[in-house]
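What follows is a set of notes on a single structure, which appears directly below.
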Amino acid sequence: MSLREQAAADLTTIVEDTDGFGWPITVTAPDGTSADLVGLSSDIAQTIDPDTGQAVSGRHAHVFLRLSSLTTAGLGIPRGIADAGSDPWVVTFDDIDGTEHSFKVMEALPDRAIGGVVCLLEAYKT
Amino acid sequence: MSQITTLIDKQDNVELIRDEIASILAVEQQNQQALATADGQDPDLWKLRVYRERSNPWAEFQPAPESPVDDVSPIVNVWFDTESFDESRSNTVRNQHATATYNIDCYGYAKSESDPGGGHKPGDREAALVSQRAARLCRNILMAGHYTYLGMRGVVWKRFPRSIETFQVPIDNRNAIKVVDTRLALLVQFSEFSPQVEPVELELLSVTVRFEEDGSVIAQTDFDYTAE
Numbered sequence: 055m056s057l058r059e060q061a062a063a064d065l066t067t068i069v070e071d072t073d074g075f076g077w078p079i080t081v082t083a084p085d086g087t088s089a090d091l092v093g094l095s096s097d098i099a100q101t102i103d104p105d106t107g108q109a110v111s112g113r114h115a116h117v118f119l120r121l122s123s124l125t126t127a128g129l130g131i132p133r134g135i136a137d138a139g140s141d142p143w144v145v146t147f148d149d150i151d152g153t154e155h156s157f158k159v160m161e162a163l164p165d166r167a168i169g170g171v172v173c174l175l176e177a178y179k180t
Numbered sequence: 021m022s023q024i025t026t027l028i029d030k031q032d033n034v035e036l037i038r039d040e041i042a043s044i045l046a047v048e049q050q051n052q053q054a055l056a057t058a059d060g061q062d063p064d065l066w067k068l069r070v071y072r073e074r075s076n077p078w079a080e081f082q083p084a085p086e087s088p089v090d091d092v093s094p095i096v097n098v099w100f101d102t103e104s105f106d107e108s109r110s111n112t113v114r115n116q117h118a119t120a121t122y123n124i125d126c127y128g129y130a131k132s133e134s135d136p137g138g139g140h141k142p143g144d145r146e147a148a149l150v151s152q153r154a155a156r157l158c159r160n161i162l163m164a165g166h167y168t169y170l171g172m173r174g175v176v177w178k179r180f181p182r183s184i185e186t187f188q189v190p191i192d193n194r195n196a197i198k199v200v201d202t203r204l205a206l207l208v209q210f211s212e213f214s215p216q217v218e219p220v221e222l223e224l225l226s227v228t229v230r231f232e233e234d235g236s237v238i239a240q241t242d243f244d245y246t247a248e
């Protein structure tokens, strides 16, 4: 096994281990196909202004999913949908208290070298 | 030794004008809602929540509130930015001619949502439209002929919009919530006043001046005083 393949295998352990930081995430494609996956998620309400280095108000949410898990579920790679006439990719997950939150995928940053995708999320009302 | 004998307990006109701008917006948006209702239109499209001198009034949008359960109407924050003085139009003793800039920030928020008719309503677009609608309302109210002097004739000389600009409030466009600010910068020219010396009567003096035939000028007066 090459070092890169070893890294991809480690990624599976890190991302999809529900005894670790892996978290149940439901992904719904624009065509309505949906799958329950495990990945990393975050939803925080403070960010750093790169110009000043100061913490400022904001809300950043993202998920990290393995590409192979998305492919196996028949979903493909999520992406931002600008066309208002189309449904967006929708991601749903609970916060630590069990409250469900829905987001649309605003922007996707796939990493095909190691096999993962970061989805930047925007609050969404289904 | 101090010279000013009166308490300076007044507000400067720059503050009064800021409050007046906020008051005008609050009153007129309420009336616009009433007019919209009477016209059979949705009054929420004319609703503004007016604040003054707030640094982060849009923070309530961070949990991503949803209409109609939550109030997501635009937030307007009126704040004083700068004031400069024109010496050539001022009186060095009594009043200073000032030009102040007031920023009227119109924060629009929208949450992306599924469209029952198909597709979805993008939050970024909707937030921009809400913000610009609020700014449109503010400019029309403040530039209405009824408010040529912002209700402070004699103090305010002129009010005029300097610029309108739009920007996304969160520091980048990757935020999970979409809040857009349309800033109306309003220039107001007015006079600022300062404490004055209050004149007091020291002594009543009566002088009679006579021109004599020999050309001399004689001033005659009586002093009534008590020697100490």
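If you read the sequences in order, they're chains A and B.
Going left to right, the first sequence walks through residues 55 to 180 as this note's numbering numbers them.
Going left to right, the second sequence walks through residues 21 to 248 as this note's numbering numbers them.
Built from N, CA and C at the ideal position, the CB exists for glycine as well.
No experiment lies behind these values; they were computed from the predicted model shown.
| query | Which term fits B/ASP91, buried or exposed, when burial requires 16 or more other beta carbons within 10 angstroms of its beta carbon? | reply | That one is exposed.
| message | Given a cut-off of 8 Å on the beta-carbon distance, is the pair A/GLY170 and A/LEU65 in contact? | response | Yes; because the gap between Cβ atoms is below 8 Å, this pair is in contact.
| task | Just the chain B side, please: which residues come within less than 8 Å of A/PHE157 by C-beta, in chain order? | result | Taking a Cβ-Cβ cut-off of 8 Å, the neighbours of A/PHE157 in chain B comprise ALA196, given in sequence order.
| Are the beta-carbon atoms belonging to B/LEU15 and B/LEU45 less than 8 Å from one another? | The requested residue 15 of chain B is not part of the displayed model; chain B covers only 21 to 248.
| task | Could you say which of A/GLY134, A/ALA138, A/PHE118 and A/ASP165 lies nearest to A/THR80 if we only look at CA atoms? | result | Per the Cα distances, A/PHE118.
| task | Could you tell me the distance, in whole angstroms, from the CA atom of A/LEU175 to the CA atom of B/LEU36? | result | Going from the Cα of A/LEU175 to the Cα of B/LEU36 covers about 43 Å.
| message | Contact defined as beta carbons within less than 8 Å: I believe B/ARG156 pairs with B/GLU185. What is the distance between those atoms, to the nearest angstrom? | response | About 14 Å separates the two Cβ atoms, so there is no contact after all.
| task | Write down the C-beta distance between B/LEU207 and B/ARG173 rounded to the nearest angstrom, noting that I regard them as a contact closer than 8 Å. | result | With 8 Å as the limit, B/LEU207 and B/ARG173 do not qualify as a contact, their Cβ atoms being about 17 Å apart.
| query | Can you tell me whether DSSP reads A/ILE68 as helix, strand or coil? | reply | A/ILE68: helix per DSSP, three-state reduction.
| field | Candidates B/ASN33, B/TRP99 and B/ALA58, of which the one nearest B/SER75 by Cα | value | By alpha-carbon distance to B/SER75, the top candidate from B/ASN33, B/TRP99 and B/ALA58 is B/TRP99.
| field | Candidates B/ARG145, B/TYR127, B/PHE213 and B/ASP29: closest to B/PHE81 by CA position | value | The candidate whose alpha carbon is nearest that of B/PHE81 is B/TYR127.
| query | Helix or strand or just coil, what does DSSP make of B/PHE187? | reply | In the structure shown, B/PHE187 sits in a strand (DSSP, three-state: E or B).
| Would you say B/ALA148 reaches chain A, if we count a Cβ-Cβ gap shorter than 8 Å as a contact? | No - not a single Cβ of chain A is within 8 Å of the one on B/ALA148.
| Relative to the C-alpha of A/ASP97, which residue among A/ARG120, A/THR180, A/ALA89 and A/SER156 is closest? | Closest by alpha carbon: A/SER156.
| field | Through-space distance from B/ARG38 to B/GLU146, alpha-carbon basis | value | Just so you know, the alpha carbons of B/GLU146 and B/ARG38 end up roughly 29 Å apart.
| query | Which class does A/GLU154 belong to by DSSP, given the choice of helix, strand or coil? | reply | Strand, per DSSP.
| With DSSP run on the structure shown, which of helix, strand or coil describes A/GLU176? | Here A/GLU176 carries a strand assignment [DSSP, helix/strand/coil].
| query | Quick one, are the C-beta atoms of B/VAL197 and A/ARG113 less than 8 Å apart? | reply | It should be noted that the sequence gives Ile, not Val, for residue 197 of chain B. Closer than 8 Å, so yes.
| Looking at the structure shown, is A/TRP143 part of a helix, part of a strand, or coil, going by DSSP? | Three-state result, A/TRP143: coil.
| query | Between A/PRO142 and A/PRO84, which are expected to be in contact by the criterion C-beta below 8 Å, what is the C-beta distance as a whole number of angstroms? | reply | About 7 Å separates the two Cβ atoms, so the contact holds.
| request: Determine the extent of the alpha helix (DSSP H) in which B/GLN240 is found, giving its start and end residues. | output: Counting along the chain, B/GLN240 falls outside any alpha helix (DSSP H), though it belongs to the beta strand (DSSP E) covering 237 to 241.
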